[in-house]
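Colleague:
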Amino acid sequence: MTRLLLFFLLALMAGQALAQSTGDLTGRVTDSKGTGLPGATVVVKGTNNGTSTDATGAFTLKGIASGNVSLTISFVGYATKEVLVPLDKQGDNLTISMTDDSKSLDEVVVTGVFDQRTKMESSVAISTLNAKQMQLLAPTSAADLLKTVPGVYVNQARGEINNTVYTRGISAGSIDNANGYYYVSLQEDGLPVTNVNLGVDNYLRADVTVARLEAVRGGTASILGTNSPGGIFNYVSKTGGQKTEAEIRTKFGLEGNGKNPYYRADANLSGPLNAAKDLTYSIGGFYRTSQGARYPGYQMNNGGQARGNIVKNYATGSLKLYGKLLLDHNAVAEFIPSQSFSDPKILSGLSATDSYYLPNISVPFPINSGETRTFNTTDKIYNRDRSIGLLWTQDLGHDLTLTNNFRYSNQATTVNTPSVVTPISTTGLLFYAIPHLLGRFGTYTFTDQTNGQVLGTVTQSPNIINGQFAGFNFTPGANNNFPGANVQPNSLFFLPMFYQDTHIQNVLNRFDLTKKLDNMSFTLGGFYANTLVDRVGGATDAGIGFGTIQNQPHLTNITLTGFDGKTYQVTDPNGIVDVGRDGINHNHGRQEQIALFFGHSWKLTPKLNFDYGLRYEHTHHTGYNVQPVANPLRNDPTYGGRDGNPLTLYDNGGGTDGSPLNFDQTFKTFSYTAALNYAFSEHYALYGRYSNGRKSPDLTYFFALNTPFLRDNPNAFSQKTEQLEFGFKVNTAKLSGALTPFYSQLSNVATVQTFTNADNTTYTPPVQFARYKTYGVEAEANYALTTNLSVRATATVQTSEATKISSWISNGPGPQDDVLVSYSGNETDNNAKLMLSAAPTYTLGKFLAQVNWFYLGDRQANVSNAFKLPGFSQFDATVAYDVNAHFRLQGNVNNIFNTYGVLGWVGPGGFPAALDRQAFTPQYVQANPNAVYATQGSMPRAYFLSAVYKF
Numbered sequence: 003m004t005r006l007l008l009f010f011l012l013a014l015m016a017g018q019a020l021a022q023s024t025g026d027l028t029g030r031v032t033d034s035k036g037t038g039l040p041g042a043t044v045v046v047k048g049t050n051n052g053t054s055t056d057a058t059g060a061f062t063l064k065g066i067a068s069g070n071v072s073l074t075i076s077f078v079g080y081a082t083k084e085v086l087v088p089l090d091k092q093g094d095n096l097t098i099s100m101t102d103d104s105k106s107l108d109e110v111v112v113t114g115v116f117d118q119r120t121k122m123e124s125s126v127a128i129s130t131l132n133a134k135q136m137q138l139l140a141p142t143s144a145a146d147l148l149k150t151v152p153g154v155y156v157n158q159a160r161g162e163i164n165n166t167v168y169t170r171g172i173s174a175g176s177i178d179n180a181n182g183y184y185y186v187s188l189q190e191d192g193l194p195v196t197n198v199n200l201g202v203d204n205y206l207r208a209d210v211t212v213a214r215l216e217a218v219r220g221g222t223a224s225i226l227g228t229n230s231p232g233g234i235f236n237y238v239s240k241t242g243g244q245k246t247e248a249e250i251r252t253k254f255g256l257e258g259n260g261k262n263p264y265y266r267a268d269a270n271l272s273g274p275l276n277a278a279k280d281l282t283y284s285i286g287g288f289y290r291t292s293q294g295a296r297y298p299g300y301q302m303n304n305g306g307q308a309r310g311n312i313v314k315n316y317a318t319g320s321l322k323l324y325g326k327l328l329l330d331h332n333a334v335a336e337f338i339p340s341q342s343f344s345d346p347k348i349l350s351g352l353s354a355t356d357s358y359y360l361p362n363i364s365v366p367f368p369i370n371s372g373e374t375r376t377f378n379t380t381d382k383i384y385n386r387d388r389s390i391g392l393l394w395t396q397d398l399g400h401d402l403t404l405t406n407n408f409r410y411s412n413q414a415t416t417v418n419t420p421s422v423v424t425p426i427s428t429t430g431l432l433f434y435a436i437p438h439l440l441g442r443f444g445t446y447t448f449t450d451q452t453n454g455q456v457l458g459t460v461t462q463s464p465n466i467i468n469g470q471f472a473g474f475n476f477t478p479g480a481n482n483n484f485p486g487a488n489v490q491p492n493s494l495f496f497l498p499m500f501y502q503d504t505h506i507q508n509v510l511n512r513f514d515l516t517k518k519l520d521n522m523s524f525t526l527g528g529f530y531a532n533t534l535v536d537r538v539g540g541a542t543d544a545g546i547g548f549g550t551i552q553n554q555p556h557l558t559n560i561t562l563t564g565f566d567g568k569t570y571q572v573t574d575p576n577g578i579v580d581v582g583r584d585g586i587n588h589n590h591g592r593q594e595q596i597a598l599f600f601g602h603s604w605k606l607t608p609k610l611n612f613d614y615g616l617r618y619e620h621t622h623h624t625g626y627n628v629q630p631v632a633n634p635l636r637n638d639p640t641y642g643g644r645d646g647n648p649l650t651l652y653d654n655g656g657g658t659d660g661s662p663l664n665f666d667q668t669f670k671t672f673s674y675t676a677a678l679n680y681a682f683s684e685h686y687a688l689y690g691r692y693s694n695g696r697k698s699p700d701l702t703y704f705f706a707l708n709t710p711f712l713r714d715n716p717n718a719f720s721q722k723t724e725q726l727e728f729g730f731k732v733n734t735a736k737l738s739g740a741l742t743p744f745y746s747q748l749s750n751v752a753t754v755q756t757f758t759n760a761d762n763t764t765y766t767p768p769v770q771f772a773r774y775k776t777y778g779v780e781a782e783a784n785y786a787l788t789t790n791l792s793v794r795a796t797a798t799v800q801t802s803e804a805t806k807i808s809s810w811i812s813n814g815p816g817p818q819d820d821v822l823v824s825y826s827g828n829e830t831d832n833n834a835k836l837m838l839s840a841a842p843t844y845t846l847g848k849f850l851a852q853v854n855w856f857y858l859g860d861r862q863a864n865v866s867n868a869f870k871l872p873g874f875s876q877f878d879a880t881v882a883y884d885v886n887a888h889f890r891l892q893g894n895v896n897n898i899f900n901t902y903g904v905l906g907w908v909g910p911g912g913f914p915a916a917l918d919r920q921a922f923t924p925q926y927v928q929a930n931p932n933a934v935y936a937t938q939g940s941m942p943r944a945y946f947l948s949a950v951y952k953f
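With positions in the sequence shown counted from 1, the corresponding number in the numbering used here is that position plus 2.
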């Protein structure tokens, strides 16, 4: 009996063991077209049993208990998916199709997070745009795509490049276009496009090779970004799949309110390179040529890029080799003379489609060393980028993953454009002082270089009082007829030949080592950057043109009939004065950064997650600046210049290299952040985050130390940002979005001024430190009203204040009468209280229609709150028709109502007073309500027709 009972118990235990037996579950994860997705994560829901798909998208889960199994599948750029696998289907080879939909908060992101996770799980404010969404737009520039991101200000008025982007009021200096990306990081595939603030967007173009855009505001940007506490904008490239695919886009347009042709072609080809399909490629690019929104008489934009990658997937990781070649010529829009501070209007005779560039000329000019270079206006801003990189991801086992991203880039920008184009009076002292004509007495005759018309004369003579020299007189001729008299009488456009040749070499590397445990993960990372910059020009010009105040200005031929009876030629055959000027400056420097960061994410409960991060950064700047020494013979009346003829004044300039001014500065900064994310359910979550970030000066700051005094008194300081944000996220079948109240403070912003003593030496009054605060709320929502109609909307409501800001006023030589003026309590300049966007989309079968509405509220023009730049709306429209599964036709109209929305300005008074925007006060505006100044506005209406073919 005992033996029988023992046998029964053993049999029962064996039966239970059989009932609880485990096995394997196999399957394949694909995109909507059936292409395998390598690297997708497949996890048994509620457990730590998970794996990643191989090069073909296949996976095997081991140790699966008998019974129904729920799987959670996630992949970067795709909505996370849950699949219930019944017991009777577990022997089948499953196929799980994923959806690429960035409207969902279940989409996995890689930017601003310590490990890959969904937007719902992440405790950062992040927005994404996928390739389908970007295809519906006709952006002016890569930055133009960011207009739909809440909390982000974009000024794209200058065109393809030289845009300004900032977030949450962290914007000191943005009104001058000089600090376009100073507080944010513009990235390609997880690394900065370039690591110095020298024309950052010169080297980024969004084309058909971009898979998606991930935009992080604040938060972890201070830890995972490079010296960029304001945000990270990461343009992620497409990679090849398991079958060959191609996409070709052609676009024809009419810019400049339907006047100026635009032609562009994009292409991308991708697929496997071997039978195993674990080696894939993706290659593509674009070429574009256009007369631009403001046609200068030659192509405003012409050039393109080629970029691609090869990916090798293997059992425990992957290698991606990638590269880019960019060769692109771009012009940027200048400011347009306007009137009325309350309701700016372009002056009569001018328009929003005008260009104030130099005409098509080619001017040789000397460089200090004896070298001669040529200023070619049709080269415009010539940008080149040759880069190569390697991304390695390796599973080290024991839930330990290593990722290393390396890139080398050789970049260059050569600028052949005018700069600070403003009216300048021919009867003013500066017209003659700047090109060294002061004291060359006689009658100057101005003739239109294009049509030969005499525009007028001005006689320069000494002002003699009681037999003593008391200054200069400038007497206009009785029959003067300079165009643009309503802008400024007896005036011409000041068109300096701004030449700059910059070469940048970037070595960038970032590594992340991540360890995952049951309920937490640790990330240890590092970043290294070594950037070498050599720049010729940038602080000086190579000559000056004076052009008629009109669209496509005509240069003037200037002659001088001297009181000595001789006739002097002031301009060269092109119409350029003072070729070579006082010589060309030269900057050479290296910026080296070493950073270590640490992140810890801890799932305290199934619903509550805590994460924090730390970053230490060491930044070292070394280099030298060389200022030119002007030719001492240039004012000698017997000096013949480079051609040996004393009667040609245009070639008397030039200079030699001065003594190098060396600099060597080091900055050490520490940043940190912490956050909690609570998931009420799979549909609702709440997070809160505090961040404290530091921003070291950029190498460009030290390039401005161009005197011994400034070199010895650099007054360079790290700035501090603090941000507090709370986000409520929702993700349901019809609605996904986030509501994010935030507070940000930017402090320790140094205001360094340089004044002159009575003996012409310079001094710096005590440095003032500014502090700005901004608080507001960001909202973003995607709502499906019906199966055919959906809407995406964003809103930013904010208030920004300069809580502490002062500036010195120099009343005379020396510090004894300097006055400190406080603007504390004023609104921060260039920060809109309200930014809105809405994009309803209607689809019906093969037809799609979308309207994009953007609203930018009014902004203070400067820190003294002299006047406000008015708010404005812009409407864009898209219609598309899918002829078949492979071919689409699409039409776009940008700025349907041709709104001229003011985005920037320069002051009244012509050159150089117009450039000091902060000097204009409310009292000046009240006393001079009809003063002529200049504005910079949104792009004029444009029409585009695209054809897209995919296979």
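For glycine and all other residues, C-beta sits at the position ideal for the given N, C-alpha and C.
(1) Could you check if GLN189 is buried or exposed, using at least 16 other CB atoms within 10 Å of its CB as the buried criterion?
(2) What span of residues does the alpha helix (DSSP H) with ARG713 cover, start to end?
(3) Would you list, in sequence order, the uninterrupted beta strand (DSSP E) runs of no fewer than 3 residues that lie entirely inside the segment 479-532?
(4) Terminal residues of the continuous beta strand (DSSP E) containing LEU404?
(5) Within 10 angstroms of the Cβ of ASP638, are there 16 or more other Cβ atoms? Answer buried if so, exposed if not.
(6) Are THR222 and THR675 touching if we call contact CB-CB under 7 Å?
(7) Reducing DSSP to helix, strand and coil, say where LEU684 ends up.
(8) Which same chain residues end up closer than 8 Å to SER421 when comparing Cβ atoms and leaving out the 5 residues on each side of it in sequence?
(9) Looking at C-beta atoms only, is the number of pairs between the segment 598-607 and the segment 509-527 that lie closer than 8 Å three or more?
(10) Give the secondary structure of GLN852 by DSSP, where H, G and I count as helix, E and B as strand, and everything else as coil.
(11) Looking only at DSSP bridge pairs, what is ARG170 linked to?
(12) Using a Cβ-Cβ cutoff of less than 8 Å, which residues in the same chain neighbour GLU123 once the five nearest sequence positions on both sides are dropped?
(13) Of the choices GLN747, PHE730, TYR745, GLN118, whose alpha-carbon is the least far from that of GLY739?
(14) When the distance is taken between beta carbons, is GLU373 closer than 7 Å to LYS952?
(15) Let me make sure I understand the geometry here. Which of TYR384, ALA936, ASN157, GLY657 has the alpha-carbon closest to that of PHE954?
(16) When the Cβ atoms of the segment 214-221 are set against those of the segment 700-718, are three or more pairs found closer than 8 Å?
(17) If you draw a straight line from the alpha carbon of HIS888 to that of ASN508, how long is it in whole angstroms?
(18) Return the bridge partner residues of SER802 from the DSSP annotation.
(19) Between PRO337 and the rest of its own chain, which residues show a CB-CB distance below 6 Å, the 5 nearest in sequence each way excluded?
(20) Taking 7 Å as the CB-CB cut-off, is ILE75 touching chain B?
(21) Pull up the DSSP beta-bridge partners for PRO842, would you.
(22) On the premise that LEU905 lies in contact with ASN385, defined as a C-beta separation below 8 Å, what is that separation, rounded to the nearest angstrom?
(23) When the Cα atoms are used, what is the spatial distance from VAL423 to PHE548?
(24) Where does SER350 fall in DSSP's three states?
(25) Are the CB atoms of ASN867 and ARG919 within a distance shorter than 7 Å?
(26) Is it right to say ASP514 is buried, meaning 16 or more other beta carbons lie within 10 angstroms of its own, or is it exposed?
(27) For PRO263, report the span of its beta strand (DSSP E) as first-last.
(28) Could you give the C-beta distance for ASN896 and MET941, rounded to a whole number, given that I count them as a contact under 8 Å?
(29) Does the segment 473-492 come within contact of the segment 569-577, defined as at least 3 CB pairs closer than 8 Å?
(30) Between the Cα of GLN455 and those of LEU440, PRO437, PRO485, spot the shortest distance and give me the residue it belongs to.
(31) Give me the Cβ distance between ASN50 and GLU162, rounded to the nearest whole Å; I'm assuming they're in contact under 8 Å.
(32) With VAL927 as the anchor, note down where its alpha helix (DSSP H) starts and where it stops.
(33) Can you tell me whether GLY780 is buried or exposed, with buried defined as 16 or more other CB within 10 angstroms of its CB?
(34) Given a cut-off of 7 Å, decide if GLN552 and ASN587 are closer than it, judged by their beta-carbon atoms.
(35) Shortest alpha-carbon distance to GLU684 belongs to which of ARG644, ARG636, ALA735, ASN654?
(36) Taking all protein chains shown into account, decide if ILE66 is buried (16 or more other Cβ within 10 angstroms of its Cβ) or exposed.
Modeller: Put simply:
(1) GLN189 comes out buried.
(2) 710-714
(3) 493-518
(4) 402-420
(5) exposed
(6) yes
(7) Per the sequence shown, the amino acid found at residue 684 is Glu instead of Leu. Correct three-state label for GLU684: coil.
(8) PRO498, PHE500, ASP543
(9) They touch, by the three-pair rule.
(10) strand
(11) Its beta-bridge partners do not exist; DSSP assigns none.
(12) Around GLU123: ASN611, ASN679, ALA681, ALA687.
(13) PHE730
(14) no
(15) Since the first residue of the chain shown is 3 and the last is 953, residue 954 is not available in this structure.
(16) no
(17) 40 Å
(18) THR776
(19) A small fix is needed here, since residue 337 is Phe in this sequence, not Pro. VAL908, ALA936, GLN938.
(20) Among the chains in the structure shown there is no chain B, since it carries only a single protein chain.
(21) VAL793
(22) Not really, about 22 Å apart at Cβ, beyond 8 Å.
(23) 10 Å
(24) If DSSP states are grouped into helix, strand and coil, SER350 belongs with coil.
(25) no
(26) buried
(27) 262-274
(28) 7 Å
(29) no
(30) PRO485
(31) Not quite, the Cβ-Cβ distance comes to about 49 Å (not below 8 Å), so this is no contact.
(32) 924-929
(33) Looking at the sequence itself, residue 780 is Glu, so the reference to Gly does not match. Taking every protein chain shown into account, the CB of GLU780 has 16 or more other CB atoms within 10 angstroms, so this residue is buried.
(34) no
(35) Comparing Cα-Cα distances from GLU684 to each of ARG644, ARG636, ALA735, ASN654, the minimum goes to ALA735.
(36) Counting C-beta atoms within 10 angstroms of its own C-beta, ILE66 has 16 or more neighbours from the protein chains shown and is therefore classed as buried.
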